[in-house]
Amino acid sequence: MKYHAINSQLFIKNRKNFMAQMKPNSLAVFNSNDIYPVSADSTLPFEQHRDIFFLSGVDQEESILVLFPDCPKENLREVLFLRETNEHIAVWEGEKLTKEKALETSGIKNVHWLQDLEKVLAEMMALADTVYINTNEHYRASVETETREARFTKWLLNKYPAHSVAKSNPILQRLRSVKDQIEIDLIQTACDITEKGFRRVLDFVKPGVWEYEIEAEFIHEFVRNRSKKFAYTPIIASGNNANVLHYIENNQQCKAGDLLLMDVGAEYANYSSDMTRTIPVSGRFTDRQKAVYNAVNRVKNDATKMLVPGTLWAEYHIEVGKLMTSELLGLGLLDKADVQNEDPNWPAYKKYFMHGTSHHMGLDTHDYGLLHEPMQANQVFTVEPGIYIPDEGFGIRLEDDVVVQETGEPFNLMRNIPIEADEIEDIMNK
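Position one of the sequence shown corresponds to residue 1 (the UniProt record's numbering), numbered consecutively onward.
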């Protein structure tokens, strides 16, 4: 892995917290992701399933974690199964976890090779009443491919039909949404890498450069700072491309006078950052562009202050809508009649700001978190308002990542990334 070793105490604590919420005499199983084929002998780069990583720190394929806190056999309360490594694998594929290295990474003492799975699992299942299966219940999930986890679950329930079945996901949704300080530090590192990429781009952008060249500048800086990739597919959108919310073609030339919206984040150690900045291709905003930019920035700043313990996500978005409505009136994009006659289910401001303002962030860019439950300290949220004006040929979105605090305003993990219009102009023209 490119990233530095993570303190195993994080994973020991995560397992302890998960097991504390399991039913009596129950067992939970977690699988690595598949390596997905492209065609011929090509595969996509491996991405570890975030749940097994959260609970073990293991970041390789064909790994299985089994947790059985009430097991009468103490050595079977935490068991990790790994693909057996050997000299041939080391030559052709590189280093894989040994049992000793797995203990160092995860804090799990009982490590078996995968070939022992059915024998050891049979011993454990004979002592358990309930089995926890791990299904993807994220509110944005749309999974058409059968995952390794799903295949294993099908096999497990077929082989052991007499066991009661419970779900791991509700426990994980709550646990993963509240970050340990080690996790916050990892997300901060991802944000710091993103900052380096953005500052590099501020020196690079000028009329005539291509969106894909800017994408290349970002990934160059990310990889040289121990990130393996973008946290999500980057949006490098110049001119009217910014009004396509998920524009990812990144194949147009940046023209003088245009604005450039960049929704880009580095990952680090599987943790995401999620930044959006909008800059003038020519290095200076027009008066109109700056007026809209500053309006978006004010909404971002005021919305951020609302992210405090006890806030409900749905109510927060209603209040942000009121802020945006006020700014759009000031910009002349809405008038009082628009607001008075608006459809409550699609308020007038939605014509120019049609997406949500905040989402949980962490191991996934759209991370686990139950939106119907009040916000808690140490949850990490994005704050990303925008105003999109196709008729004027530009869109502006600004986005930071913040940590909810016990008291006071959230802590901004992107506090060092330039965002004020004047500062951006100064850097681009230095």
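Every residue gets a Cβ at the ideal spot worked out from N, C-alpha and C, and that includes glycine.
Counting along the chain, the unbroken beta strand (DSSP E) around Tyr132 starts and ends at Thr130 to Ile133.
Annotated three-state conformation of Leu175 is helix, per DSSP.
Taking a cut-off of 8 Å for Cβ pairs, the region 354-362 and the region 220-227 do not touch, as fewer than three such pairs fall below it. Pro385 sits buried, since 16 or more C-beta atoms from the chains shown fall within 10 Å of its C-beta. Contact annotation: Gln405 and Val178 have beta-carbon atoms that are not nearer than 8 Å. Annotation: Ser273 to Thr233 spans about 12 Å, alpha carbon to alpha carbon. Using a Cβ distance threshold of 8 Å, Ile396 and Val299 do not count as a contacting pair.
For the alpha helix (DSSP H) assignment, the uninterrupted runs of no fewer than 4 residues enclosed by the region 78-104 are, from N- to C-terminal side, 87-92. Two segments are said to touch when three or more pairs of C-beta atoms, one from each, lie closer than 8 Å; by this definition the region 107-122 touches the region 79-96. For Leu121, the three-state secondary structure derived from DSSP is helix.
Per the C-alpha coordinates, the member of Asp59, Ile64, Leu202 and Ala256 positioned closest to Glu95 is Asp59. Assignment of Leu10 by DSSP, reduced to helix, strand and coil, places it in the helix class. For Cys254 against Met414, the beta-carbon gap comes to about 23 Å, at or over 8 Å, which does not count as contact. If the five residues before and after Ala377 are omitted, its C-beta is found closer than 7 Å to the C-beta atoms of Pro309, Val404, Gln405 and Glu406, all from its own chain and listed in chain order. According to the DSSP secondary-structure assignment, Thr382 is paired through a beta bridge with Asp401.
If you draw a straight line from the Cα of Asp426 to the Cα of Met324, it comes to about 27 Å. When DSSP states are grouped into helix, strand and coil, Asp274 belongs to the coil group. When DSSP states are grouped into helix, strand and coil, Lys336 belongs to the helix group.
Taking 4 residues as the shortest admissible run, the region 282-356 contains the following complete alpha helix (DSSP H) segments, listed from N- to C-terminal end: 287-305, 313-330 and 336-340.
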